[in-house]
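In this note's numbering, the protein residues as written are 7 to 95.
Ideal Cβ positions, reconstructed from N, Cα and C, are used throughout, including at glycine.
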């Protein structure tokens, strides 16, 4: 599958201020450490001024690079996470 720049930029918008989306996801993928986790594994949130739209930190690496499956992006696809990592890091 081709993960073009447009898709990668759209997906990135789902990596912050996403608490409701994360909590409604089955799985989350981190495009920094490339690991997946369940929403209930997330213990740290930032941008908590508005608790409904806080940003999750990855429970494996503590970086704010998580995207939830409720976003519609293939967050459990390692090639997708690698493409995101290459573009943003």
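{"Item": "Those residues which DSSP pairs with residue 52 across a bridge", "Value": "61"}
{"Item": "Given residue 32 as reference, the closest of 23, 42, 62 once Cα atoms are compared", "Value": "42"}
{"Item": "Bridge partners - residue 39, DSSP secondary structure assignment", "Value": "Bridge partners of residue 39: none, in fact."}
{"Item": "Secondary structure of residue 23, DSSP reduced to three states", "Value": "coil"}
{"Item": "Boundaries (first-last residue) of the alpha helix (DSSP H) holding residue 14", "Value": "11–18"}
{"Item": "Cβ-Cβ separation, residue 14 to residue 72 (assumed contact under 8 angstroms), whole Å", "Value": "Incorrect: roughly 15 angstroms between the Cβ atoms, too far for contact."}
{"Item": "Assigned secondary structure, residue 73 (DSSP; H/G/I helix, E/B strand, else coil)", "Value": "strand"}
{"Item": "The stretch 53–65 / the stretch 78–90 touching (three or more Cβ pairs under 8 angstroms)", "Value": "no"}
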